[in-house]
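In this note's numbering, the protein residues as written are 7 to 209.
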């Protein structure tokens, strides 16, 4: 059975507005379930507004540096987050995804914490704990992976392995689920093959 949903674009309507209109029309038919109650498209800020904000920020920084230089303000010591760029575990997510799913696959990776992971796990799997990784196929060539960074780090400490190794393993695990693999020896063999190819060990 095939169903055609048509949406006409007005002259002054943006492409994103047309896509949103199409999405609302499809969901209104009741044939497609709404996956999440959030907007997929955000209105982009104009270049003029961005430039004004940047100039204002630079001005505030210059004023702050001047106050520090004059001794009127004591600069607070910087607290470095474990997720800042120099310390963040580096995992070649894109290359690994291409190796498993192919270069034409549209994959969205969401790095999340326990709250979102618990909510999604409860809604879609009826489980009451924060999942470490969740995969959601959207189409034949499109899907989403939610990677719980907090759970990944806790499990890595429990297993006595680097967080980077475990994060890579969970991401690969999620990719193979999107490819249609189920838990078992075949999936574990394929996971091990990909991880070894990228210099990781099987957790």
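All C-beta atoms, glycine included, are put in the ideal place defined by N, C-alpha and C.
With distance defined between alpha-carbon atoms, name the residue in the options nearest to residue i.
i: residue 178; options: 166, 120, 207; result: 207
i: residue 138; options: 154, 73, 129, 203; result: 154
i: residue 158; options: 78, 180, 130; result: 180
i: residue 152; options: 53, 54, 64, 118; result: 118
i: residue 110; options: 143, 147, 141; result: 147
i: residue 113; options: 142, 120, 125, 121; result: 142
Which residues does DSSP list as the beta-bridge partners of residue i?
i: residue 118; result: 154
i: residue 149; result: 113, 143
Would you please state the rounded distance, in angstroms, between the beta carbons of residue i and residue j? I believe it to be under 8 Å.
i: residue 150; j: residue 116; result: 7 Å
Please report how far the alpha carbon of residue i lies from the alpha carbon of residue j, in whole angstroms.
i: residue 193; j: residue 106; result: 12 Å
i: residue 104; j: residue 74; result: 49 Å
i: residue 197; j: residue 132; result: 26 Å
i: residue 66; j: residue 56; result: 15 Å
i: residue 217; j: residue 135; result: One cannot answer for residue 217 here, as it falls past the ends of the chain, which runs 7 to 209.
i: residue 123; j: residue 77; result: 46 Å
i: residue 187; j: residue 99; result: 19 Å
i: residue 62; j: residue 69; result: 11 Å
i: residue 72; j: residue 160; result: 43 Å
i: residue 182; j: residue 130; result: 19 Å
i: residue 108; j: residue 121; result: 31 Å
i: residue 165; j: residue 156; result: 14 Å
i: residue 64; j: residue 54; result: 15 Å
i: residue 101; j: residue 144; result: 21 Å
i: residue 189; j: residue 171; result: 20 Å
i: residue 185; j: residue 59; result: 43 Å
i: residue 140; j: residue 168; result: 21 Å
i: residue 191; j: residue 205; result: 21 Å
i: residue 162; j: residue 29; result: 40 Å
i: residue 195; j: residue 125; result: 31 Å
For chain B, check one thing: does any of its Cβ atoms lie closer than 8 Å to the Cβ of residue i?
i: residue 192; result: Reference to chain B is not applicable here, since this structure consists of a single protein chain.
Would the C-beta of residue i count as close to the ligand ZN, meaning under 7 Å from any of its heavy atoms?
i: residue 153; result: Of ligands this structure carries none, so the ligand ZN is not represented either.
Are the region 196-205 and the region 170-184 touching, with three or more C-beta to C-beta distances below 8 Å? yes
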